[in-house]
Amino acid sequence: MTDGLLSAETAVRVSGTDPGEELLAAARGAASVPVERVGPTGATALDPLVLATDDGRTALYAGATAERAESVAAGLGGGSFPGDPDAAVDHGPGPTRLPAAGTGPLAVGVRRVLGGAGWVVPDSPADHETAGGFGADDADQAALLDAARSVPGRGWGDGATDDPVADLWETVRGAAGDAAVVVNAHGTPADRLLLASVPFVVLEGALAAARVVDASEAVVYCSAADAATAETVTAAAAAYPDPAVPLRVETGPDEYRAAEPTMALEALEGNHRLEARLRPPGPAAVGLDGRPTAVHTPRTLAQVVAALDGAPTRLVTVDGDVAAPATVELRTGATLADAVEAVDPEGTVKAACVGGEFGGLTADLDVPLSVEGLTGADLGTEGVVELLAEGRCSVAFAGERARFAEEENCGRCVPCREGTQQLTALLRELYEGRYRADALHELMGVMSSSSICAFGVDAPRPVRTAMAEFEREFEAHAAGRCPAGACDGLEMEAHT
Ligand code: SF4
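Residue numbering for the sequence shown follows my numbering, beginning at 26 and increasing consecutively.
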């Protein structure tokens, strides 16, 4: 294995979701020290971020241009940092994790699974090893199962959402036939961040799962719209030293529902019409090509690896009405308010939609980010907190999500296919002066209790929670008034 970037004491790193080749080329053209592209940090407000390391210190230059990257790279090595860095961090020799500044989005939470994000070269096994990686490859099955017991599946694309991962692994292991592991990366920004910045952590988790369930391969499933991430994880998979089973990377359609575990399997099997599968049997018994399959998100697998070495954490992405989204890593006990510290909201926060597309609305940010805390407040556990600023209308927001569900569902089952149409129609009636709360509750109850997959089960949540939290706004709309002033004078069609 060749030396990685972490062994260089003087170096320039270029980080960001898409920092651009021009910026990288400018830095390389001017520098006499190593210049490498690293993955994003999760703090998009800082992108593109140039990190200059010299003499046990790292300077951070946020929002860098090609000109700035060039001057930083040209001036590095003289004992002081060129230009005017946004922050400089003392760390001594050889830090293996991003030296985060004491203020700003990088200071929020902890950086354990995200430790290498924005610091290591994503597809460098040498960097991963220097950072203490590949430990799971040597862990025995009992230790892996122990770690998996403490980690609930993360995200609706996981085969063990909110339940201990070890239970699923034991089911797969006990099922007859050659097993498989699927890394369902068709999910949230946090999943994409892990694969783009620290793919070896995720692959390590996938290979650990493969060893426990006795799988013959691990398949990473990415969105076709995210070619850069697929490319990074493909390079990392090819460079993985002596993987326990073959690793391959596939892409699937860029549709929201394609993240649902059984639709992910349909896409991987080459079916163009994506429909959820009836359960039982679930994928743990009959999954990819009929084999018992452990389907997990990158977040889940990274947390299993982290749990070998301490308590798992939680990745949360905060977006919506913010200056720039951020993904942060938080310890057990953190609240929604802690996650919101990482962003600059656009005005006063009216509410947050917690749990992704079909998350729940709340005006209370003092809710623990645990599975129990979130589900107890009828919020989603998807790991996305979408802020709504004052001036946003809860009825319009709920209507948009209902319409999205109507347009995006796979059509396989009546409660979801017909239910989402009726839900949209009932919300439309509000704008015609009728608020049928009982009918809405009855419909949403049927959808959540009898839909085939999580799409239909969760689809009513934005409406249900908006009604609970902002009932007076619903009543006001039926009376012909939008308290937020967002719907006045507009055609109701624009909102439902
Ligand atoms: S709940 Fe919706 S998305 Fe899921 S199978 Fe039924 S129609 Fe398809």
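Just so you know, even glycine gets a beta-carbon here, dropped at the ideal spot from N, CA and C.
- Relative to the Cα of Thr352, the nearest Cα in the group Gly398, Ala70, Gly199 and Asp80 belongs to Ala70.
- Leu448 sits in a helix when the DSSP states are folded into three classes.
- Its chain contains Leu451 as the residues whose beta carbon lies nearer than 7 angstroms to that of Ala464, once the 5 sequence neighbours on both sides are disregarded; these appear in chain order.
- In the DSSP assignment, Thr490 falls within the unbroken alpha helix (DSSP H) covering Arg486 to Glu494.
- Counting only runs of 3 or more residues that sit fully inside the region 100-152, the beta strand (DSSP E) segments are 112-115, in chain order.
- Bounds of any beta strand (DSSP E) do not take in Ala200, whose DSSP letter is neither H nor E.
- With the rule of 3 Cβ pairs closer than 8 angstroms, the region 362-374 does not count as touching the region 440-457.
- Counting only the Cα atoms, Ala292 lies some 17 angstroms from Glu242.
- In the structure shown, the three-state DSSP call for Pro286 is helix.
- In the DSSP secondary-structure assignment, Leu355 is bridged to Arg339.
- Nearest C-alpha to Pro306 among Ala359, Ala200, His297 and Val471: Ala200.
- DSSP, reduced to helix, strand and coil, places Thr318 within a strand of the structure shown.
- Asp216 carries a helical assignment under DSSP once its states are collapsed to helix, strand and coil.
- According to the DSSP secondary-structure assignment, Tyr246 is paired through a beta bridge with Asn209 and Glu275.
- Taking 8 angstroms as the cut-off, the beta carbon of Arg282 is found no closer than this to the beta carbon of Leu303.
- A distance of 8 angstroms or more separates the beta carbons of Leu290 and Val208.
- Distance check between Gly178 and each of Thr121, Leu326, Phe495 and Ser248 places Leu326 closest, using alpha-carbon atoms only.
- The DSSP-derived three-state label of Tyr86 is strand.
- Sequence-distant Cβ neighbours of Asp344 in its own chain, meaning closer than 6 angstroms and more than five residues away, are Pro350 and Glu411.
- Ranking Val258, Pro286 and Ala269 by CA distance to the CA of Glu275 puts Val258 first.
- DSSP places Asp79 in the uninterrupted beta strand (DSSP E) bounded by Leu74 to Asp79.
- Relative to the Cα of Asp267, the nearest Cα in the group Ser32, His466 and Glu229 belongs to Glu229.
- Non-local beta-carbon contacts of Asp391 in its own chain, meaning distances under 8 angstroms to residues more than five positions away in sequence, involve Thr360, Leu361 and Ala362 in chain order.
- Spatial neighbours of Leu333 in its own chain (CB-CB distance under 8 angstroms, excluding positions within 5 residues in sequence) are listed in chain order as Gly160, Ala161, Ala164, Ala168, Leu169 and Ala172.
- Within its own chain, the residues whose Cβ lies closer than 8 angstroms to the Cβ of Glu61, once the five positions on either side in sequence are excluded, are Leu30, Ala36, Val37, Arg38, Val39 and Val146, listed in chain order.
- In terms of Cβ geometry, Val330 and Ala233 form a close pair [threshold 8 angstroms].
- The Cβ-Cβ distance between Ala484 and Phe383 falls below 8 angstroms.
- CA-CA distance, Ala250 to Gly295, rounds to 17 angstroms.
- For Gly436, there is no enclosing beta strand (DSSP E), as DSSP marks it with neither H nor E.
- Taking the CA atoms as reference points, Ala301 sits about 38 angstroms from Asp369.
- DSSP places Val176 outside any beta strand (DSSP E), giving it a letter other than H or E.
- Taking His502 as the centre and dropping the five residues before and after it, the same chain places the C-beta of Val420 and Leu455 closer than 6 angstroms to its C-beta, in chain order.
- Here the region 417-435 does not lie against the region 397-404, with fewer than 3 beta-carbon pairs under 8 angstroms apart.
- The criterion of a C-beta distance shorter than 8 angstroms is satisfied by Arg198 and Val237.
- When DSSP states are grouped into helix, strand and coil, Ala94 belongs to the helix group.
- Closest in alpha carbon position to Glu285, among Thr128, Gly81, Ser105 and Ala185, is Ala185.
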